[in-house]
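J.: Take a look at the following structure, please.
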Amino acid sequence: MKKVLITLCVALVSLSMYGQGKVKKVYDESVNPVEQINDAVKKADSEGKFVVCQVGGNWCKWCLWFAAFIENDEEIKKLVDDNFVYAHVNYNPRQESDDATKMMLAILGNPARFGFPALVVLDGKGNVVHIQDSSFLESGEGYDKKKVMRFFRNWTPSAVATGK
Numbered sequence: 001m002k003k004v005l006i007t008l009c010v011a012l013v014s015l016s017m018y019g020q021g022k023v024k025k026v027y028d029e030s031v032n033p034v035e036q037i038n039d040a041v042k043k044a045d046s047e048g049k050f051v052v053c054q055v056g057g058n059w060c061k062w063c064l065w066f067a068a069f070i071e072n073d074e075e076i077k078k079l080v081d082d083n084f085v086y087a088h089v090n091y092n093p094r095q096e097s098d099d100a101t102k103m104m105l106a107i108l109g110n111p112a113r114f115g116f117p118a119l120v121v122l123d124g125k126g127n128v129v130h131i132q133d134s135s136f137l138e139s140g141e142g143y144d145k146k147k148v149m150r151f152f153r154n155w156t157p158s159a160v161a162t163g164k
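First residue of the sequence shown: 1, per UniProt numbering; consecutive thereafter.
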């Protein structure tokens, strides 16, 4: 009986730990990043929004954590959905010499210099408005809601247009 209880406890702890570490993969590695950005810009322009490119990859735990963080918080999700077209732009460090990767990095103002995820805000014409080093949005082993909300509020189309 004691062995059964110990085995059951170990199994529950293992499942609990596995569940906490499991996050949804959000980067589509088969998509051409330049086409993805161009499509997002066209959509944003037609909807009066900006684009946020979250540059990173499924290999980056902080990238996946950030995606889950904004997806799972209703207030942040609404702010993002109301003001931005959101694109998870895949960056594979092993493909740095690839033409599409080089072009993507150039279009986005070479955000890889900040680490990952890097957040790039584009206006409806595809111009880089801001590049955000996501480490400034962190707190401990996660993200800080106040910092994340402040970032998104400060880079909405209306905030940029009015300076408020």
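All C-beta atoms in this analysis are idealised placements derived from N, C-alpha and C, irrespective of residue type, glycine included.
A quick note: this is a predicted structure, and the numbers were derived from the prediction, not measured.
Please list, in chain order, all residues of the same chain as A159 whose beta carbon is under 7 Å from its beta carbon, the five residues on each side excluded.
T.: Taken in chain order, the residues that qualify are R153.
J.: Using a threshold of 7 Å, state whether the C-beta atoms of I76 and V148 are closer than that.
T.: Yes, the Cβ-Cβ distance between I76 and V148 is below 7 Å.
J.: Is it the case that the segment 104 to 117 contacts the segment 58 to 67, given that we only count it when at least three CB pairs across the two stretches are under 8 Å?
T.: Cβ pair count under 8 Å is three or more, so yes.
J.: When you compare only the Cα positions, how much space is there between D144 and V129?
T.: The straight-line gap from Cα to Cα measures roughly 23 Å.
J.: For I131, which residues from the same chain have a beta carbon less than 6 Å from its beta carbon, with the 5 sequence-adjacent residues on both sides left out?
T.: Excluding sequence neighbours, I131 sits near G109, P111, V120.
J.: Report back the beta-carbon spacing between V51 and A87 to the nearest angstrom; my notes put them in contact at under 8 Å.
T.: That belief holds up - the Cβ atoms of V51 and A87 are roughly 6 Å apart, short of 8 Å.
J.: Which runs of the alpha helix (DSSP H) at least 4 residues long sit entirely within the segment 41 to 105? Give them in chain order.
T.: Complete alpha helix (DSSP H) runs here, min 4: 61 to 72, 74 to 83.
J.: Terminal residues of the continuous alpha helix (DSSP H) containing A118?
T.: Careful: A118 lies outside any alpha helix (DSSP H), inside the beta strand (DSSP E) at 118 to 122.
J.: Any heavy atom of the ligand GDP closer than 6 Å to the CB of A67?
T.: The ligand GDP is absent from the structure shown, which contains no ligands of any kind.
J.: Bridge partners for E138 per DSSP, in chain order?
T.: Beta-bridge pairing links E138 to Y143.
J.: Assuming V128 is part of the beta strand (DSSP E), what are its boundary residues?
T.: From DSSP, the beta strand (DSSP E) with V128 extends over 128 to 133.
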